[in-house]
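According to our numbering, the residues represented by the sequence shown are 222 to 421, in order.
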Amino acid sequence: LGFIFIFVGFLFKISAAPFHNWSPDVYDDTPTIVTIWLTLIPKISILILLLELHIHIDLIDQLSLFGQLKILSFNIDTITKNLLLISSLLSLIIGSVVGLAQNRIKRLLAYSTISHIGYILLALGIYTEQSIDSFIFYIIQYIITNLNIFLIILALGYIINQKGGVFKDIRYISELKGQFYLNPLISLSFSICLFSIAGI
């Protein structure tokens, strides 16, 4: 039971549904430079830790150590896989559907992250050799794309507000209107990254 609570705590920390409610508010209300940290470092480290835990649980089950760690006639490997798959399904649905209604850029990216976590947990829940390869590739792609998107939002915030002399974070999607004519290279890079997180 303690192990399951720890596992659920990790799902909460990586903002996997149904433990995701804190994520959009925190992303939206923190400065973009802090949001970059929140969206990458804790999630990646916890996902790697979940992979390690999954590997160790699988080894324990295969070696039949400690009577297969039975919990109410289910082994712990089955429980963790089911937790991952249920959380993955909910993350995919909630991240995709609720993300459509957003008009704030960082809230949209928070729901995009929730959806991506769904795909990552799906690969971890299936737990085959191919899915673990996909898991690692997806994490690398996620780091590069998310880092680029948030750095571009930071750069556009500096460019848009440089005339006023005071830096202000970009909050609304509408603030990006017309940026292609003013900053074509940055806007093109931003568009490519948005297509990437959309799965195109």
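Glycine included, C-beta positions come from ideal geometry on N, C-alpha and C.
Boundaries of the alpha helix (DSSP H) in which residue i is found, first to last residue
i: Asp250; result: 243-250
i: Ala331; result: 326-347
i: Ser309; result: 297-320
i: Lys234; result: 223-234
Outcome for residue i when other beta-carbon atoms lying within 10 angstroms are tallied against a minimum of 16
i: His241; result: buried
i: Ile227; result: exposed
i: Ser266; result: exposed
i: Lys264; result: buried
i: Gly399; result: exposed
i: Ile374; result: buried
i: Thr334; result: buried
i: Tyr248; result: buried
Reduced DSSP secondary structure (H/G/I, E/B, other) of residue i
i: Tyr402; result: helix
i: Tyr379; result: helix
i: Ser294; result: The predicted position of Ser294 is uncertain, since its pLDDT is 45 and thus under 50; no value can be drawn from it.
For residue j and residue i, believed in contact at Cβ under 8 Å, the rounded distance
i: Arg392; j: Ile326; result: 7 Å
i: Ile225; j: Ile300; result: 7 Å
i: Ser317; j: Ser336; result: 5 Å
i: His275; j: Leu345; result: 6 Å
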